[in-house]
Every structure is written in structure tokens, then in C-alpha cells.
Amino acid sequence: MASNAEKQPVPNRGRNVASKPLREGTTMTETPGHAAPTASSKFRTIPSSASSTSVMSGGSKAARTPSASSVASSKSSIRSSSSASKIAGTKASARTPSESDQIRVTKVSTTTVKISSSSWTPPAPPSKEPPKAPAPAPASKEVPSTQQAKSDDPLQIAAQVYPWTYMSTTLDACFKTAEDSANKELETRTKELETRESAVADQKERAEAEQAIEFYDELESDVFAKNAPAIMQLFQSHGESCDKIEGEALKLANRLGPDLDEEEPLKPYTEMLDRLEELQTTAAKLQESIIILTEKANAPTDGTSNPALIPSANGPENEAEPNSQNPEAAIDSEPSARTQISTVFSACLPVIKARIANLSMAQELMDMALENASLTLRMESMGIA
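With the first letter of the sequence shown counted as 1, position 50 gets the number 50 in full-length UniProt numbering; the numbers rise by one all the way through.
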């Protein structure tokens, strides 16, 4: 009952007593069985100053007496409040405080909170200008592909990626196997070529050594050991002497006349003719010796012809060519030492012929110079000049 009385609001009938001024001498009687109103009640005692002011404000008017309805409502409110306070006091006195109801003091950590006060700005008034159209987006240089336009579903991405990865891995494996097989074939081929080249190199070295031995053996023979060096030395000395005497002959032919102060003014001409004759005979002998040397060198020793020096009847296309696969046969087909030296001496023959022609021309020039010198001497002796 007490809880229901606490929950139900107290009905207010008529006007509130506190809203009306009361006389200073008015006293409230205490009903039997109810406590006097406490500080927690709704009624307040009016001080004397308030009553005096109300009386003074009233002036000569008489104070108004409360009506019966207001007095009844005030009594009912006093009764309900006093009964509620008594019930609460009895409950509070009957209940003993437990250990859990005791006040526990806990330390509360104080934290300072900073509140940033932002200045409020009123919204800008709407502009009178018409809204501008948004700028068009820059055209992308690359057109998005169909794969990018698709959704980002992981299953679709996997379906697109895995075939390409599988294909790339299989292609890489194929390329690697092909490269390995090609490298193996190259290695085997190089080994085969090395073995063949080693065999050919041994045969070639052996054949070259045999050829060198034969060459030196031929050089130690009587013809090449004695005649060939002497002929070559004579050829060189004859060329130097021919160059020298030809220059002297030209100088002598360009003289205006013989020197009359000399005892024998025609002697230089005769001596020059003798030297030219001697060189011409030496050139003829040298030519003959070279021809003999080349003929002996070209002649085969065993009575067989040398196919390297004799051309075939069908022309140079059908001539015997050395076999590149057999180095010994190729070396045997090469000319011997005598044939090699004979080619060198054969090249000297045209030079000797040119020297003989120059010497003969120098002789003719000196003969003409001698005739002119003798004519001048005769004319001087006769006193014609």
C-alpha cells in the first residue's frame, strides 16, 4: 500500500495554498495520528516580511479568507505526504545496512579534455550566376580492355589468369628442351670435328715436315748448292753496274765535243764502248745460265712429268686439283723445291732482256758520240772550224 501511495500523484483540488497570501497569525492545526509537516513537504512558511508586504499592498482592503475547497485539498495533501514519510522512515529504520551497502571510495583519474571551439560561419547566400557545367573528363589515351571492364570476381580472374600461366610455362619448358637438345647436338658435332681435325692436323704436320726435308735435300745438290747462289749474286751486281754505266754514257754523250787539251781526246768514248760491250756479254751469259738452271729444275728426276707444271689438254678447269680431304695428296701435288726456285729465276729473264736492250742502245749512242768527236777533231786539224 505504501508503494502504491508513493507512486500515485497527489491530486490538487482547487487552488494551491501557497499561491494565496495568508495572514501572519494563521496557524495550522495538527490532525491526530499524523506528523507535522517537515522541510520535505510541499508547503512553505511565509516569512513575516512577505505578510507585511501583502498587508501593505492591500492597503485598506481586508484580507481574503480561504475557501472550504482549498482548505480540504491542503489537508488531504498534508495527510498523504505525512503518511508516505512515516512509511519510508519505518522501512529505513527496520533495514540494517550491509557490508555491500557501505560507501566505497575509489580514485578517479582526472583527464583534461580539450574542446576546440570552431568559429561558426553562416552559409553563403546562393549566387545569382547560373551553375557551370562540369568540365569533361580528359580522354584517356588507352582504351580500357574487356578484361578490365569485367567484374572483380576472383573466379573470373582465376579463369583468365591460369590458362595464360599454364601456356607460358609449357612454352618455356618446350623452349628449354629444344635449346638443351640443340646444345647437345652442337657438343657432339664439335667433338667429332675436333677428332677429325686432330687427325688431319697430324697428317698435315707430318707432310709439311717431309716436304721441308725434301726441299733442303734438293738444295744440297750440286746444281742448287753452287750454281743458283752464284747466278743470283751475278744478277744483282750486273744490275747495279748497268745502272751506273748508263748514267755515265748519257753524260758523255751530252758533251759538246772532245777535250783538245788531252793527248787522247777520243779515249773516254772508246773506254765507255768497251765497258758497255763487257756488260752486254755478261748479260748474255747470265741469261743463258738462268735458262739452263730453270730447264734442269723443271725436268723431273724420275722420268715422270709433273702434273702441277704441265696444263691439261681440256683447259684449266679440268686441271688436277689437290684433294682437301687428304693433306698428304695435296702436299705431294705441290711443286718441288727446284720448281719453286726455277720460277724465281724465270722471273729474272725479262729483266736481263731489258738490260741487254738498254746496253745496246747505249752502245749506239756512244758510237754516234764517237763519230761526232772524230769529225770535230778533223775539222779543227784542217782549220775549217
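Backbone N, C-alpha and C define an ideal beta-carbon position, used for all residues, glycine too.
In chain order, what residues of the same chain lie with their CB nearer than 6 Å to the CB of residue i, ignoring the 5 residues before and after it?
i	result
residue 345	290, 293, 294
residue 343	none
residue 217	none
Which word fits residue i, buried or exposed, when buried means at least 16 other C-beta atoms lie within 10 angstroms of its C-beta?
i	result
residue 162	exposed
residue 281	exposed
residue 302	With a pLDDT of only 45 at residue 302, under the threshold of 50, the placement of this residue in the model should not be trusted, and no figure is reported.
residue 254	exposed
residue 352	buried
residue 113	Any reading at residue 113 is ruled out, since the residue's pLDDT is 47, under 50, leaving its predicted position unreliable.
residue 193	exposed
residue 390	Given that the chain is displayed from residue 1 to residue 385, the structure contains no residue 390 and the question cannot be resolved.
residue 369	buried
residue 174	exposed
residue 118	With a pLDDT of 48 at residue 118, under the threshold of 50, the modelled position of this residue cannot be trusted; read the value that follows with caution. Answer is exposed; the Cβ neighbour count stays below 16.
In chain order, what residues of the same chain have a beta carbon less than 8 Å from the beta carbon of residue i, not counting five sequence neighbours either side?
i	result
residue 231	286, 289, 290, 293, 345
residue 276	245, 249, 359, 362, 363, 366
residue 187	none
residue 236	none
What residues in its chain sit with their C-beta under 7 Å from that of residue i, if we drop five residues either side in the sequence?
i	result
residue 234	286
residue 374	266
residue 165	none
Specify the secondary structure class of residue i as computed by DSSP and reduced to three states.
i	result
residue 171	helix
residue 367	helix
residue 265	coil
residue 153	coil
residue 220	coil
residue 290	helix
residue 384	coil
Nearest CA to the CA of residue i: which residue from the options?
i	options	result
residue 272	363, 157, 243	363
residue 249	185, 192, 269	269
residue 279	252, 251, 238, 264	238
residue 284	349, 226, 252	349
residue 252	372, 380, 378, 377	372
residue 242	383, 357, 377	357
residue 264	158, 377, 384, 176	377
Contact criterion: CB-CB distance below 9 Å. Does residue i meet it with respect to chain B?
i	result
residue 176	In the structure shown, chain B does not exist; there is a single protein chain.
In the DSSP assignment, the alpha helix (DSSP H) including residue i goes from what residue to what residue?
i	result
residue 239	228-253
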